[in-house]
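Student: I'd like to ask some things about the structure below.
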Amino acid sequence: MFHFIKGRLDYVGEDFIVLENRDIGYKIFTSLATVSDINGDKEQVTIYTQMVVREDDISLYGFSSREELKMFQLLTTVSGVGAKVGLGILSSIQHQKLAEMIFSEDVTGLTKAHGVGKKTAQRIILELKEKIHAQDLTMEGKSVVMPKSGGDLLHEAVDALVSLGYGKNEAIAAIAEVSESSSSLEQFIKNALRILAR
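Residue numbers for the sequence shown follow full-length UniProt numbering, beginning at 1 and rising by one.
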């Protein structure tokens with residue numbers, strides 16, 4: 001319903017903020033990363049939102065970047081991971097680091113997040129790896145030239161990064177940078193994520 005809300009930061013709670021827009025205060029559940037990101041910028045804040053509807057509740061969840069929102073949406077598609085658990089994960093692990101953990105199958109790292117046990121961590125890895133898909137492979141209107149060998153892997157790797165919320169341009173640039181040092185899809189993604197996290 002709402003893709004984003006712009007307004008004045010009125011209040012910061014433990015796991016939510018209140019954003020005022022035209023005399024209406026929107027309570028938006030958010031991560032510690034977003035709270036830290038918008039800290040000090042109270043007059044004009046943009047929060048990208050997701051409405052979560054349950055039988056007994058309607059809530060707004062929001063983040064300071066589309067990338068973090070995309071990761072939240074992916075997390076909540078995992079069996080057993082609801083909005084609160086997804087939020088807890090993003091409050092414990094920065095979304096780019098989380099993507100790296102998923103691709104490197106770091107079960108131990110994921111279990112350090114609030115509300116995540118070993119089985120949940122394994123489900124997150126299994127289910128999200130299967131949802132990494134995207135379409136376009138263009139950069140500033142020009143087709144990216146892929147090597148004759150490994151071309152499909154390069155496309156799949158860029159698709160994966162785009163689906164995690166990275167821009168096409170930065171995804172393509174990162175994959176191009178690691179193309180000579182990577183030989184598998186997992187290596188491409190892991191190496192590219194390290195570059196993108198710099």
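All C-beta atoms in this analysis are idealised placements derived from N, C-alpha and C, irrespective of residue type, glycine included. From a predicted model like this one, the values you see are computed outputs, not experimental measurements.
Gly109 lies in the alpha helix (DSSP H); which residues open and close that run?
Tutor: On the sequence shown, residue 109 is found 109 positions in, with the first residue counted as 1. Element bounds for Gly109: 107–110.
Student: What are the boundary residues of the alpha helix (DSSP H) that includes Gly86?
Tutor: For this step, residue 86 is matched to residue 86 along the sequence shown. Unbroken alpha helix (DSSP H) run through Gly86: 83–92.
Student: Consult DSSP for Phe103 and reduce its assignment to one of helix, strand or coil.
Tutor: Within the sequence shown, residue 103 is the residue found at index 103, counting from 1. Phe103: helix per DSSP, three-state reduction.
Student: CB-CB under 8 Å to Glu67, same chain, minus the five flanking residues each way: which ones, in chain order?
Tutor: Taking the first residue of the sequence shown as 1, we reach residue 67 at position 67. Only His95, Gln96, Leu164, Gly165, Tyr166 meet the Cβ criterion.
Student: Assess, as a yes-or-no matter, whether the region 23–35 is touched by the region 54–63 under the definition of 3 or more beta carbon pairs within less than 8 Å.
Tutor: These segments touch.
Student: Can you name, in chain order, every residue of its own chain whose Cβ lies under 8 Å from the Cβ of Ile175, other than the five neighbours on each side?
Tutor: Your numbering for residue 175 matches position 175 in the sequence shown. Excluding positions up to five away in sequence, the list reads Leu154, Ala157, Val158, Leu161, Phe188, Ala192.
Student: Count the other CB atoms within 10 Å of the CB of Ala99; is the residue buried (16 or more) or exposed (fewer)?
Tutor: Sequence index remark: in the sequence shown, residue 99 carries index 99 (1-based). Flag for Ala99 reads buried.
Student: In whole angstroms, what is the alpha-carbon distance linking Met51 and Thr108?
Tutor: Walking along the sequence shown from the start, residue 51 turns up at place 51. Walking along the sequence shown from the start, residue 108 turns up at place 108. Taking the straight line joining both Cα atoms gives about 31 Å.
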